[in-house]
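Here the sequence shown stands for residues 16 to 380, where the numbers follow the numbering used here.
The next block holds one structure in the form of structure tokens; read it before the comments.
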Amino acid sequence: MTALLSGHTNTTSTLGAVEQLAARYGVPVEDALLIAVNLYGIDSDLPRHRARVQVRLASAPSVPWQLIVPLNVTDSPFRHRDGVLKLDRAAVGTVERIDADEAVGGYFRDGGAALTLNPNARSRCVGCAFCPNTLEAAADPRLSEERDLRELFAALREQHPRRDLTELREVTVSTGCFEREPAAVQHLRTLRTVLGEHGVKARMGFLTSVLTSSDAFGHLTSGVGPFILRLTAECFTRRDLLLKASKAALDVSEMPGVLRRALAAGHGTSFTYIVGLDGLDALRAGVSALTPYVTEFPNFQVYQAHNSIMAGLRALGAHDLEYYLHARVVIENIMGPSGLRPAAWECYRPLWYFTFADEPLVGVR
């Protein structure tokens with residue numbers, strides 16, 4: 016990667032500087048460090064771009080964290096050599112495992128209790144300007160028939176930690192790339208049929224912006240439920256520039272109505288949002304508008320720039336760690352009264368790790 020891609024400043028290039036920022040915003044230094052790694056990536060001696068990296072912090076060694084970050088950011092303040100992760104000259108953690116972040120048909124999370132599916136060739140989705148999918152190796156076939164899903168689940172059963180898919184309590188369709196609502200509904204119906212054949216009664220979730228109508232949510236109630244809509248909001252400004260057409264077509268003003276219709280049909284609701292694409296005022300307004308209509312804590316992701324073009328898409332100030340610590344406080348103030356809290360396993364690049372505000376968080380990564 017070229018210089019200035021990560022965009023870090025001298026305010027976050029040493030452990031002491033990160034500690035000062037963490038204290039200013041009332042954030043554990045461990046949380047600030049992990050946010051910073053997601054933001055800046057890692058300068059590693061391994062010849063890989065984007066990878067799944069398991070990190071154990073020196074100051075909190077009991078918990079391993081899985082991050083998905085670029086490893087070729089030559090101007091990152093974080094350096095990885097011989098299994099040691101350093102910030103400037105300070106050893107801040109150890110890297111225990113590195114795997115290529117391939118686009119695959121499915122993978123388990125939450126100790127085998129949750130399954131994420133990419134049923135419609137995630138790696139072929141190239142619409143959103145900020146998305147790194149085109150940088151990944153592809154091993155995710157387009158699944159268009161029940162037979163394909165059955166073959167995938169037969170393989171996943173062998174990969175499950177205990178080879179028992181009935182343990183699943185959540186099955187999430189991620190980046191399904193369905194451009195039309197009827198196609199999405201039909202796929203979810205087919206998926207529920209295949210899950211039933213394996214004795215899986217898990218709740219199904221769908222990351223999407225194409226499911227919007229009362230009719231669709233009604234069909235899901237009768238043929239798919241239990242179900243949770245995870246609305247892919249992603250950003251609240253510059254949507255025509257940043258999003259593919261099927262996502263940009265959903266206006267920000269229409270999002271609360273979509274969540275209300277899902278709630279009225281008896282479904283769970285949440286949304287996904289990428290922190291770093293909007294100014295903080297737009298973030299505050301957008302999250303405030305959606306929060307009354309969600310039943311689970313939204314997925315807030317740190318924006319990662321994997322090349323100079325993606326770096327140029329950041330909102331003003333979002334190149335620096337302080338923006339994300341400020342955003343974290345803003346979101347805590349909005350979401351705090353709801354009682355909803357982040358689940359550690361649901362996001363690989365969140366704003367929360369050990370605490371939400373002053374509350375400790377626990378859970379499996």
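Glycine residues also receive a C-beta, built at the ideal position from the N, C-alpha and C atoms.
Being a predicted model, the structure only gives us computed values, none of them experimental.
Residue 306 places its beta carbon less than 8 Å from that of residue 353. Boundaries of the beta strand (DSSP E) harbouring residue 122: 121-124, taken from the DSSP string. For residue 83, the three-state secondary structure derived from DSSP is strand. Counting C-beta atoms within 10 angstroms of its own C-beta, residue 348 has fewer than 16 neighbours from the protein chains shown and is therefore classed as exposed. Here residue 130 carries a strand assignment [DSSP, helix/strand/coil]. Straight through space, the alpha carbons of residue 85 and residue 109 are spaced by roughly 17 Å. Its Cα nearest to that of residue 275, the residue 227 stands out among 227, 162 and 288. Runs of the beta strand (DSSP E) spanning 3 or more residues and lying entirely within the stretch 151-239 occur at 185-188 and 218-223, in chain order. Judged by their CB atoms, residue 121 and residue 182 are not nearer to each other than the 8 Å cut-off.
Here the alpha carbons of residue 364 and residue 50 stand approximately 7 Å from one another. A direct Cα-to-Cα measurement between residue 345 and residue 299 gives close to 7 Å.
Spanning the alpha carbons of residue 186 and residue 264 requires a straight line of approximately 26 Å. Shown here, residue 35 sits in a helix according to DSSP, grouped into three states. Looking at the DSSP output, residue 247 bridges to 287. In the structure shown, residue 375 falls within a strand segment according to DSSP collapsed to helix, strand and coil. Residue environment for residue 217: buried (at least 16 other C-beta atoms within 10 angstroms of its C-beta). C-alpha of residue 113 to C-alpha of residue 309: approximately 35 Å in a straight line. Residue state for residue 259 is assigned as coil, using DSSP reduced to three classes.
If only uninterrupted alpha helix (DSSP H) runs of at least 4 residues are considered, those enclosed by the stretch 298-360 are 323-326 and 336-350.
The DSSP-derived three-state label of residue 104 is coil. For residue 357, the number of other beta carbons within 10 angstroms of its own is at least 16, and it is reported as buried. Short of 6 Å from the beta carbon of residue 63, and not among the five residues preceding or following it, lie these beta carbons of its own chain, in chain order: 86.
Spatial neighbours of residue 289 in its own chain (CB-CB distance under 7 Å, excluding positions within 5 residues in sequence) are listed in chain order as 145, 249, 250, 316 and 318.
Of the other Cβ atoms in all chains shown, 16 or more fall within 10 Å of the Cβ of residue 65; this residue is therefore buried. Within 10 angstroms of the beta-carbon of residue 323 lie fewer than 16 other beta-carbons, which makes it exposed. Taking all protein chains shown into account, residue 237 has fewer than 16 neighbouring C-beta atoms within 10 Å of its C-beta and is therefore exposed. Looking from the CA of residue 266, the closest CA among 98, 304 and 372 belongs to 304. If you draw a straight line from the Cα of residue 199 to the Cα of residue 286, it comes to about 17 Å. Residue 70 and residue 52 have their C-alpha atoms spaced approximately 10 Å apart.
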